[in-house]
Amino acid sequence: MPRAVDGTRRKERRKKILEQAKGYWGKRSKLFRTAKDQVMKSLVYAYRDRRRKKRDFRSLWIARISAACRAEGITYSRFMNGLQQADILINRKALSNLAIQDPSAFKALVSKAKEALKV
């Protein structure tokens, strides 16, 4: 009976890991064992940061909206509360873009929010 060798499967598995490690610095891209460790760690980072990216962008949008609101003489929380009371449904990403690209439209939203707060 012929002897079974793990030739091609082993080579393919190692090649796949080394291709994923392409671009890493030093032996992390050249040696299988260190490359394997780094690829596993990198995949963990990628998984974690796909979720973290959503948090980071939301906080960026809130910071931008807050800065634009303060220029108009209202705080972020009162502005968002005013929009809610005025039944204006617009997400933070759109509000952030509006504050940057179309300040006059953002001012109109701020005035609507202020009106809703006074009632």
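Just so we're aligned, residue 153 is where the sequence shown starts under this note's numbering, counting upward by one. Note that the Cβ used here is the ideal one computed from N, Cα and C, for glycine as well. From a predicted model like this one, the values you see are computed outputs, not experimental measurements.
Counting C-beta neighbours from all protein chains within 10 Å, is the total for residue 248 16 or more, i.e. buried, or is it exposed?
On the sequence shown, position 96 is the one that residue 248 refers to. Around the Cβ of residue 248, a 10 Å sphere holds 16 or more other Cβ atoms; the residue is buried.
Output the residue ranges of the alpha helix (DSSP H) runs that lie fully inside the segment 216-252 and measure 4 residues or longer, sorted by chain position.
You should have 228-237.
Can you tell me whether residue 254 is helix, strand or coil according to DSSP?
Within the sequence shown, numbered from 1, the residue matching residue 254 stands at position 102. It is coil, neither helix nor strand.
Leaving aside the five residues before and after residue 237 along the sequence, list all residues of the same chain whose C-beta is less than 7 Å from its C-beta, in chain order.
The residue you call residue 237 lines up with position 85 of the sequence shown. If we look at residue 237 and ignore the five residues flanking it on each side, its Cβ neighbours are 268, 269.
Please report the straight-line C-alpha distance between residue 206 and residue 245, rounded to a whole angstrom.
If you number the sequence shown from 1, residue 206 lands on position 54. If you number the sequence shown from 1, residue 245 lands on position 93. Inter-residue distance for residue 206 and residue 245 is about 11 Å (C-alpha atoms, whole angstroms).
Unbroken alpha helix (DSSP H) run spanning residue 166, endpoints:
Within the sequence shown, numbered from 1, the residue matching residue 166 stands at position 14. Residues 159-172.
How many angstroms separate the CA atom of residue 214 from the CA atom of residue 194?
As a first step, residue 214 is located in the sequence shown; it is residue number 62 there, counting from the start. As a first step, residue 194 is located in the sequence shown; it is residue number 42 there, counting from the start. Using only the alpha carbons, I get a separation of about 29 Å.
Do residue 228 and residue 217 have their beta-carbon atoms positioned less than 9 Å apart in this structure?
As a position in the sequence shown, residue 217 is number 65, starting the count at 1. As a position in the sequence shown, residue 228 is number 76, starting the count at 1. Going by beta carbons, residue 217 and residue 228 fall inside the 9 Å limit.
Pull up the distance between the alpha-carbon of residue 155 and that of residue 208, whole angstroms please.
Here residue 155 is taken as the residue at index 3 of the sequence shown, counted from 1. Here residue 208 is taken as the residue at index 56 of the sequence shown, counted from 1. About 55 Å.
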